[in-house]
Amino acid sequence: MDYSAYPRNDVLCIDMRSFYASVEAVKLGHDPMKTMLAVVGDPSRSGSIVLAASPALKQKYGISNVSRFFELPNDPDIHIVPAHMADYLQVSVEITRLINQYAPKEAIHQYSVDEVWVTLNGLHKLFGSYWEVAEKIKQDILDSFGITCSIGIGDNKFLAKVVMDLHAKQVGIAECRYEDVEEKLWPFPVEDIWGIGSRMKHNLNRMGIVTLGQLAKFNLDHLKKRFGVMGEQLYWHAWGIDLSPVYGDFVKHEQKGFGHGISLLRDYTKDEVAVCMLDLCEEVCRRARTAGKIGKTIHLGIAYSKETGGGFSRSRSISIPTNVTMDMYQVCLQLFEEFYDGQSNIRHVYVTLDNLFEKAETQLNLFEDRSKKTDIGYVMDAIRDKYGATAILRASSYTDAGVTLDRSKKIGGHRA
């Protein structure tokens, strides 16, 4: 492969080791790398997810982020703590501010709460080589927050991310340039590579592709024919090539739709789901109103409990775009009545409003005073903005089937 035509950058991918668990360990005054600690979504539920396990707990008992609370061993040395999402977000913001001392904001791409890309092009005169900057950032994060991080260095985001996953988590800082791809990446199985999930792994394995090196040497035309654009991306990634931007505003501004869903903590019946759907429609329409958007297509997704399995996902377009909660709710009810099997308990509900238009494009209706219906929503939004998200709610939200009150206490689905 001739890499002369491809851009070369100094990109760091910085990942906080067991971030949630590390924050909690520091709060308790313990060493995050040595103490055994598990962050559990809801310790009052035995089936709750282990959101994070400290490195020591992972090493001794094999606990991972997909383990359940009841799977934790009965060891008095293990600290069990509930999630505090607001704390993790605050620490994440402070870490980004620290990194901002070494690179301008347009060179920082926050990938997740515990992972960030940083482009260091042209900064060597200020802070030294990219290796020196990586070492300084790593030490500053440890000194300031007590948290250990892993850093990958590459010519682009993909190489920085993959070498961080495969090598830096063992040695602290690792580097992979175009010329290193064959040695440092090709021997690894495809499922170890960022962007390749279990389904893609299965498909590639069936084609005789087990390692990244085999993927790189596979016929590009066959990959494109089998997987389309994704096949082409997989091929170029196998050669370490990634043309995604390393500078700029990485926030996606164009809103394609508004969605809101929930995984229920227990099985819901048909009648209870109607209350849950209303709460979800309220939130979706509130966000649409805030953005000055209306939508013409309404989608409802329902997943049944594990005992029965299955569910459905259906959408319907309406003649006049809307952001009125009850308009959306009535369509969701229609979809539910049409496609619900009539007997299964429900465990997940999701609603979306898309096919968006600007609010000013609303079509008038001679037979309905739509302005009154819309004004009610905006008045409720104003009250919530001033006095809090739960300052005014529909009566159904206060029933056992309502989800708004409980979700108002959470961030990202977990306790704040």
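Quick note on UniProt numbering: the sequence shown kicks off at 1 and runs consecutively. Just so it is clear, CB atoms sit at the ideal spot from N, CA and C, and this is done for glycine as well.
Best match in Ile-241, Thr-119, Val-351, Tyr-111 for proximity to Tyr-182 [C-alpha to C-alpha]: In the sequence shown, counting from the first residue as 1, residue 182 sits at position 182. Reading off the sequence shown, one finds Glu at residue 182, where the question assumed Tyr. Nearest C-alpha to Glu-182 among Ile-241, Thr-119, Val-351, Tyr-111: Ile-241.
Assigned exposure category for Pro-55 - 16 Cβ within 10 Å defines buried: Here the question's residue 55 lines up with position 55 in the sequence shown. With 16 or more other Cβ atoms within 10 Å, it is buried.
DSSP three-state assignment for Ser-64, whether helix, strand or coil: Position 64 of the sequence shown holds residue 64. The three-state secondary structure of Ser-64, taken from DSSP, is coil.
CB contact below 9 Å: Ala-52 versus chain C: Absence of chain C from the displayed structure is noted, only one protein chain being present.
For Lys-201 and Leu-72, the rounded distance between their alpha carbons: Within the sequence shown, the letter at position 72 stands for residue 72. Within the sequence shown, the letter at position 201 stands for residue 201. Rounded to the nearest whole angstrom, the C-alpha separation of Leu-72 and Lys-201 is 29 Å.
Spatial distance of Gln-101 from Thr-399 (CA atoms): One-based indexing of the sequence shown puts residue 101 at position 101. One-based indexing of the sequence shown puts residue 399 at position 399. Taking the straight line from one Cα to the other gives about 49 Å.
Met-1 burial status per 10 Å Cβ neighbour count (16 or more: buried): Within the sequence shown, numbered from 1, the residue matching residue 1 stands at position 1. By the 16-neighbour rule on beta-carbons within 10 angstroms, Met-1 is exposed.
Anticipated Cβ contact below 8 Å, Ala-168 with Trp-117, distance rounded: Looking up residue 168 in the sequence shown gives position 168. Looking up residue 117 in the sequence shown gives position 117. No, Ala-168 and Trp-117 are not in contact; Cβ-Cβ is about 13 Å, not under 8 Å.
Touch test, the stretch 289-301 against the stretch 309-324, Cβ-Cβ under 8 Å, three pairs minimum: Short answer: they touch.
Cβ pair Val-133, Leu-278 closer than 9 Å: The count along the sequence shown starts at 1 and reaches residue 133 at position 133. The count along the sequence shown starts at 1 and reaches residue 278 at position 278. Annotated as distal: Val-133 and Leu-278, with beta-carbon spacing of 9 Å or more.
Residue interval of the alpha helix (DSSP H) (run including Trp-239): As a position in the sequence shown, residue 239 is number 239, starting the count at 1. Per DSSP, Trp-239 lies in no alpha helix (DSSP H) segment and is marked neither H nor E.
Sufficient close CB pairs (3 or more, under 8 Å) joining the stretch 74-93 to the stretch 29-48: At 8 Å Cβ cutoff, the stretches touch.
Beta-carbon gap between Tyr-130 and Val-113 smaller than 9 Å: Position 130 of the sequence shown, counted from the start, is the residue given in the question as residue 130. Position 113 of the sequence shown, counted from the start, is the residue given in the question as residue 113. 9 Å or more divides the Cβ of Tyr-130 from the Cβ of Val-113.
Residues near Tyr-111 by beta carbon distance below 7 Å, same chain, minus five either side: Reading the sequence shown from its first residue, position 111 is the one you call residue 111. Sequence-distant Cβ neighbours of Tyr-111 in its own chain, meaning closer than 7 Å and more than five residues away, are Trp-117.
Residue range of the unbroken alpha helix (DSSP H) whose run includes Asp-143: Taking the first residue of the sequence shown as position 1, residue 143 is located at position 143. 130-145 is the span of the alpha helix (DSSP H), which, as asked, contains Asp-143.
Tyr-247 versus Asn-121, Val-66, Met-207, Gly-388, residue with shortest Cα-Cα distance: Working through the sequence shown from its first residue, we reach residue 247 at position 247. Measuring from the Cα of Tyr-247, the nearest candidate turns out to be Asn-121.
Rounded distance between the beta-carbons of Arg-286 and Asp-381, thought under 8 Å: Taking the first residue of the sequence shown as 1, we reach residue 381 at position 381. Taking the first residue of the sequence shown as 1, we reach residue 286 at position 286. The C-beta distance from Asp-381 to Arg-286 rounds to 6 Å, short enough to fall under 8 Å.
Segment limits, beta strand (DSSP E) that includes Gln-110: The residue you call residue 110 lines up with position 110 of the sequence shown. Per DSSP, Gln-110 belongs to the beta strand (DSSP E) from 108-112.
Closest residue to Glu-94 among Leu-142, Ser-4, Lys-225 (Cα-Cα distance): Taking the sequence shown and counting its residues from 1, the one referred to as residue 94 is at position 94. Minimum Cα-Cα distance from Glu-94 among the listed residues Leu-142, Ser-4, Lys-225 corresponds to Leu-142.
Nearest residue (CA-CA) to Arg-394, options Cys-281, Lys-359, Ser-305, Leu-333: The count along the sequence shown starts at 1 and reaches residue 394 at position 394. For the residues Cys-281, Lys-359, Ser-305, Leu-333, the minimum Cα distance to Arg-394 belongs to Cys-281.
Rounded straight-line distance, which links the Cα of Met-36 to that of Gln-59: To locate residue 59, count along the sequence shown from 1; it is residue 59. To locate residue 36, count along the sequence shown from 1; it is residue 36. Each residue's alpha carbon lies about 9 Å from the other.
Per-residue burial, Ile-14 [other beta carbons within 10 Å of its own, 16 or more giving buried]: Walking along the sequence shown from the start, residue 14 turns up at place 14. It is buried - the Cβ of Ile-14 has at least 16 other Cβ atoms within 10 Å.
Asp-221: first and last residue of the uninterrupted alpha helix (DSSP H) it sits in: Stepping through the sequence shown from its first residue, residue 221 is reached at position 221. Boundaries of the alpha helix (DSSP H) harbouring Asp-221: 220-227, taken from the DSSP string.
For Cys-332, the residue or residues it bridges with in DSSP: Numbered from its first residue, the sequence shown carries residue 332 at position 332. Its beta-bridge partners do not exist; DSSP assigns none.
Counterpart residues of Leu-265 in DSSP-defined beta bridges: On the sequence shown, position 265 is the one that residue 265 refers to. Note: Leu-265 sits in no beta bridge, so no partner.
Asn-205 classed as buried or exposed, judged by whether at least 16 other C-beta atoms fall within 10 angstroms: Translated into positions along the sequence shown, residue 205 becomes position 205. Exposed, because fewer than 16 other Cβ atoms sit within 10 Å of the Cβ of Asn-205.
Cβ-Cβ distance between Leu-185 and Val-210 below 9 Å: In the sequence shown, the residue the question calls residue 185 occupies position 185. In the sequence shown, the residue the question calls residue 210 occupies position 210. For Leu-185 and Val-210, no; Cβs fall outside 9 Å.
Contact check, Leu-333 vs Gly-257, beta carbons under 9 Å: For the purposes of this step, residue 333 is taken as residue 333 along the sequence shown, with counting starting at 1. For the purposes of this step, residue 257 is taken as residue 257 along the sequence shown, with counting starting at 1. It is not a contact, given that the beta carbons lie outside the stated cut-off.
Given Asn-292 as reference, the closest of Val-66, Tyr-304, Pro-321 once Cα atoms are compared: In the sequence shown, counting from the first residue as 1, residue 292 sits at position 292. Inspection of the sequence shows that residue 292 is occupied by Gly rather than by Asn. The option with the nearest alpha carbon to Gly-292 is Pro-321.
Among Tyr-178, Leu-28, Arg-266, Val-351, the one whose alpha carbon lies nearest that of Ala-238: The residue labelled residue 238 in the question sits at position 238 within the sequence shown. Looking at Tyr-178, Leu-28, Arg-266, Val-351, the one whose alpha-carbon comes closest to that of Ala-238 is Tyr-178.
Simplified DSSP state of Gly-29, which is helix, strand or coil: Counting from 1 along the sequence shown, the entry for residue 29 is found at position 29. Gly-29 sits in coil when the DSSP states are folded into three classes, being neither helix nor strand.
Exposed unless 16 or more other CB atoms sit within 10 angstroms - verdict on Tyr-387: Numbered from 1 along the sequence shown, position 387 holds the residue referred to as residue 387. Exposed, by the Cβ-count rule.
Among Leu-212, Met-207, Gly-208, nearest to Trp-194 - alpha-carbon criterion: Reading the sequence shown from its first residue, position 194 is the one you call residue 194. Comparing Cα-Cα distances from Trp-194 to each of Leu-212, Met-207, Gly-208, the minimum goes to Leu-212.
Option nearest Ile-262 by Cα separation, candidates Phe-218, Phe-339, Val-349: Taking the first residue of the sequence shown as position 1, residue 262 is located at position 262. Comparing alpha carbon positions, the residue from Phe-218, Phe-339, Val-349 closest to Ile-262 is Val-349.
Span separating the alpha-carbon of Ser-305 from that of Ser-344: Locating residue 305 in the sequence shown gives position 305, where the first residue counts as 1. Locating residue 344 in the sequence shown gives position 344, where the first residue counts as 1. Approximately 7 Å between the Cα atoms of the pair.
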